[in-house]
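Data block below; observations after.
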Amino acid sequence: MILEVALIDIRPGEEEAFAAAYGKAHPIVRETPGFRSIRMTRGIESPSRFVLLVEWDSVEAHMENFRASDRFTQWRALIGPYFASPPVVEHFTDVAAEA
1 MILEVALIDI
11 RPGEEEAFAA
21 AYGKAHPIVR
31 ETPGFRSIRM
41 TRGIESPSRF
51 VLLVEWDSVE
61 AHMENFRASD
71 RFTQWRALIG
81 PYFASPPVVE
91 HFTDVAAEA
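Using full-length UniProt numbering, the first residue of the sequence shown is number 1, and each one after it goes up by one.
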């Protein structure tokens with residue numbers, strides 16, 4: 001399992017419109033093969049900053065099954081107009097803790 005983390009800065013004053021667009025857009029991600037879970041969070045100190053957390057089976061599931069598909073185009077068409085700048089996206093994996 002991998003975690004996609006996207007830092008998303010929204011143009012000030014458009015945060016509520018972005019959140020509403022996300023409400024319409026997130027089912028598109030859920031339909032993707034290799035998808036596990038999705039969560040959007042909003043900054044308290046920086047309310048125009050959002051963090052998207054998506055769990056995927058693999059980096060390939062994200063990049064090939066979603067980013068390279070029409071689903072990504074639909075997703076970006078809904079939420080992209082609110083971006084202040086392109087999101088910063090990285091992939092992470094869990095660190096095993098020793099007992």
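Beta carbons: idealized from backbone N, C-alpha and C, even for Gly.
Please list the terminal residues of the continuous alpha helix (DSSP H) segment that includes residue i.
i	result
A6	Looking at the DSSP string, A6 is not in any alpha helix (DSSP H); the run it does join, the beta strand (DSSP E), is 2-9.
R49	No alpha helix (DSSP H) contains R49, which is instead part of the beta strand (DSSP E) from 49-56.
A77	70-79
In terms of residue numbering, what span does the beta strand (DSSP E) encompassing residue i cover?
i	result
T32	Per DSSP, T32 belongs to no beta strand (DSSP E) and is neither H nor E.
Got a sec? Which residues, its chain only, sit under 7 Å from residue i by beta carbon, not counting five neighbours each side?
i	result
residue 105	Nothing in the structure corresponds to residue 105, since the chain is present only between 1 and 99.
Going by DSSP, name the residue or residues bridged to residue i.
i	result
V95	Partner(s): none; V95 has no beta bridge.
T41	V51
V89	A6
F66	Beta-bridge pairing links F66 to no other residue.
Please list, in chain order, all residues of the same chain as residue i whose beta carbon is under 8 Å from its beta carbon, the five residues on each side excluded.
i	result
R71	I28, V29, E31, T32
Which residues in the same chain as residue i place their Cβ atom closer than 6 Å to its Cβ, once the five residues preceding and following it in sequence are excluded?
i	result
F18	I10, Y82
Q74	I28
Inset, instruction - Please confirm if the segment 18-31 is in contact with the segment 78-95, defined as three or more CB-CB distances below 8 Å between the two stretches. - result: yes
Inset, instruction - Answer yes if the segment 5-16 comes into contact with the segment 57-74, meaning at least three C-beta pairs across the two stretches below 8 Å, and no otherwise. - result: no
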